[in-house]
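Trainee:
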Amino acid sequence: MIPHSRPTIDDDDVRAVGEVLRSGALAQGARVRAFERAAARALERTDGVAVSSGTAALHLALVALGIGEGDDVLMPAYTCTALLHAAACAGARPVLADVDPATFNIDPASARRSLTARTTAVIVPHMFGAPAELDELAALGVPVIEDCAQALGATWGGRPAGGSGVLTVCSFYATKVITTGEGGMVLGDDAGMLDRIRDVREYDGRAELRRRFNYKMTELQAALGLSQLARLGTFVARRREIAAAYTARLEAVRARLPHDPPGGRHIFYRYVVRAPEAASRAARLREAGVASPRPVFVPLHHLLGGTFPGAEEAAATALSLPIYPSLAPDDVTFISRAAASALELPDPTWVPYSLASSAP
Ligand SMILES: *Cc1c(COP(=O)(O)O)cnc(C)c1O
Numbered sequence: 470m471i472p473h474s475r476p477t478i479d480d481d482d483v484r485a486v487g488e489v490l491r492s493g494a495l496a497q498g499a500r501v502r503a504f505e506r507a508a509a510r511a512l513e514r515t516d517g518v519a520v521s522s523g524t525a526a527l528h529l530a531l532v533a534l535g536i537g538e539g540d541d542v543l544m545p546a547y548t549c550t551a552l553l554h555a556a557a558c559a560g561a562r563p564v565l566a567d568v569d570p571a572t573f574n575i576d577p578a579s580a581r582r583s584l585t586a587r588t589t590a591v592i593v594p595h596m597f598g599a600p601a602e603l604d605e606l607a608a609l610g611v612p613v614i615e616d617c618a619q620a621l622g623a624t625w626g627g628r629p630a631g632g633s634g635v636l637t638v639c640s641f642y643a644t645k646v647i648t649t650g651e652g653g654m655v656l657g658d659d660a661g662m663l664d665r666i667r668d669v670r671e672y673d674g675r676a677e678l679r680r681r682f683n684y685k686m687t688e689l690q691a692a693l694g695l696s697q698l699a700r701l702g703t704f705v706a707r708r709r710e711i712a713a714a715y716t717a718r719l720e721a722v723r724a725r726l727p728h729d730p731p732g733g734r735h736i737f738y739r740y741v742v743r744a745p746e747a748a749s750r751a752a753r754l755r756e757a758g759v760a761s762p763r764p765v766f767v768p769l770h771h772l773l774g775g776t777f778p779g780a781e782e783a784a785a786t787a788l789s790l791p792i793y794p795s796l797a798p799d800d801v802t803f804i805s806r807a808a809a810s811a812l813e814l815p816d817p818t819w820v821p822y823s824l825a826s827s828a829p
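Okay, structure coming up:
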């Protein structure tokens, strides 16, 4: 089975982590600080604060904005459940808005309708690597937290996705755009807010009592993160090449293919096509030897309730193809053919994977 996602690790990554191991300085230190600065440069932000996961970053972003009991946090219905848990962890109520199934991103008109008197933030994930259009969301008048967990390297209007929210969060989970195994970061331009996060991410060496936790990243993770971040451009270029290969093969198929938004650059963290009866097509792909899990495991309104037709359509039609820089060129060809077949394009040259891989 061709895996749906894999980290891309090279000798430089191994060397960087090995150096930290031999140095004996394993816990948060100079490398974490260097990783924060490098990530801030990449996203054109003033600074960053590294933490233990993307979910931790979301939680601390809410804390830094003073959000808690009595606040509503707006988020799209079709996204990662981490958003829901981060809001709940801060003591706030998650409130959902619908998504535009054409882009999988939050629908600004629905976001406006979902505003309440207690809405104090909106979390905007750039879904599957497609930059969300932020101008209309900024006009809602509540702070925007950009979630770049799936969109490092994406751009909109010539600027990096993650470059304009009051705060921006990243995830460096094993199979994200770049990885530290587990890890995350909050970035922004407001030194006061970032200092608050820096302060509460550790419990030790503090005289005054406030709510704290251990949310720190290790030097091992930061060394890997620095090494990975140096290759972000290469990673994104390879993702776009693979996406172009899929698109060339699938253009004739009756499915909606992902593409760059006008004025923006998609990084194809996921290559998600839309077709009717996506679940049975995904099953056909799996039978052919290509892993194709649901790109969003459970839409948030299936957990919280409510009616969100855009999210419902997204969930029913999304079909995700494996895409990552370490995907072998032969696999790209094989996946394109398997996808064309699963999407009902007759292809006389297509053979099952077991036969293809044992051919002379
Ligand atoms: C992965 C992800 C997160 C959570 O990140 P973790 O590092 O797994 O905690 C948050 N938001 C989005 C959009 C994600 O894809």
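Residue numbers (the numbering used here): 470 to 829. A virtual CB, placed ideally from N, CA and C, is assigned to each residue, including glycine.
1) Take every Cβ of the stretch 555-565, pair it with every Cβ of the stretch 690-698, and state whether three or more of those distances are shorter than 8 Å.
2) How should serine 739 be labelled, buried or exposed, when 16 other C-beta atoms within 10 angstroms of its C-beta is the threshold for buried?
3) With a CB to CB cut of under 8 Å and the five nearest residues on each side skipped, what residues in its chain are close to aspartate 800?
4) Please classify isoleucine 843: does DSSP put it in a helix, a strand, or coil?
5) Ignore the nearest five residues each way along the sequence and tell me which others in valine 520's own chain have a CB closer than 8 Å to its CB.
6) Does leucine 636 come out as helix, strand or coil in the three-state DSSP assignment?
7) In whole angstroms, what is the alpha-carbon distance linking serine 789 and glutamate 538?
8) Considering just the uninterrupted stretch of the alpha helix (DSSP H) at aspartate 800, what are its terminal residues?
9) Within 10 angstroms of the Cβ of serine 522, are there 16 or more other Cβ atoms? Answer buried if so, exposed if not.
10) Taking 8 Å as the cut-off, does the CB of threonine 830 come closer than this to any heavy atom belonging to ligand 1?
11) Is it true that the stretch 538-548 meets the stretch 496-508, where meeting means three or more beta-carbon pairs spaced less than 8 Å apart?
12) For glycine 724, which of Val759, Glu813, Val568 and Ala752 has the nearest alpha-carbon?
13) For isoleucine 647, which three-state DSSP category applies?
14) Do the stretch 606-617 and the stretch 626-642 meet, that is, are 3 or more Cβ pairs less than 8 Å apart?
15) So, helix, strand or coil for serine 653, using DSSP?
16) Does isoleucine 478 come within less than 9 Å of chain B when only Cβ atoms are used?
17) Kindly indicate which three-state DSSP category arginine 562 falls into: helix, strand or coil?
18) Suppose you measure from the CA of serine 474 to the CA of proline 798; what does that come to, to the nearest Å?
19) Should the stretch 743-758 be regarded as contacting the stretch 622-631, the criterion being three or more beta carbon pairs within less than 8 Å?
Mentor: According to the structure data:
1) Contact fails: fewer than three Cβ-Cβ distances are below 8 Å.
2) Locating residue 739 in the sequence shown gives position 270, where the first residue counts as 1. It is worth fixing the name first, because residue 739 is arginine in this sequence and not serine. Buried.
3) As a first step, residue 800 must be located in the sequence shown, where it is residue number 331. For aspartate 800, where only same-chain residues beyond five positions count, the Cβ hits under 8 Å are Ile471 and Pro791.
4) The question about residue 843 has no answer here: the residues shown for the chain are numbered 470 through 829.
5) Stepping through the sequence shown from its first residue, residue 520 is reached at position 51. Ala526, Leu529, Gly652, Gly653, Met654, Val655, Ile666, Arg670, Tyr684, Lys685 and Met686.
6) On the sequence shown, residue 636 is found 167 positions in, with the first residue counted as 1. Correct three-state label for leucine 636: strand.
7) The residue given as residue 789 occupies position 320 in the sequence shown. The residue given as residue 538 occupies position 69 in the sequence shown. Looking at the two C-alpha atoms, the distance is approximately 37 Å.
8) Indexing the sequence shown from 1 puts residue 800 at position 331. It spans 798-811 - the alpha helix (DSSP H) in which aspartate 800 sits, taken as one unbroken run.
9) Numbered from its first residue, the sequence shown carries residue 522 at position 53. Buried is the call here.
10) For residue 830 there is no data in the structure shown, the boundaries of the chain being 470 and 829.
11) no
12) Indexing the sequence shown from 1 puts residue 724 at position 255. A small fix is needed here, since residue 724 is alanine in this sequence, not glycine. Checking every option, the nearest Cα to that of alanine 724 belongs to Glu813.
13) Mapped onto the sequence shown, residue 647 falls at position 178. DSSP places isoleucine 647 in coil when its eight states are reduced to three.
14) The stretch 606-617, when compared against the stretch 626-642, does touch it at the 8 Å Cβ threshold.
15) Position 184 of the sequence shown, counting from 1, holds the residue named residue 653. The amino acid at residue 653 is misidentified as serine; the sequence shows glycine. Strand, per DSSP.
16) Here there is only one protein chain, and chain B is not present.
17) In the sequence shown, residue 562 corresponds to position 93, counting from 1. Here arginine 562 sits in strand by DSSP.
18) Translated into positions along the sequence shown, residue 474 becomes position 5. Translated into positions along the sequence shown, residue 798 becomes position 329. Using only the alpha carbons, I get a separation of about 15 Å.
19) no
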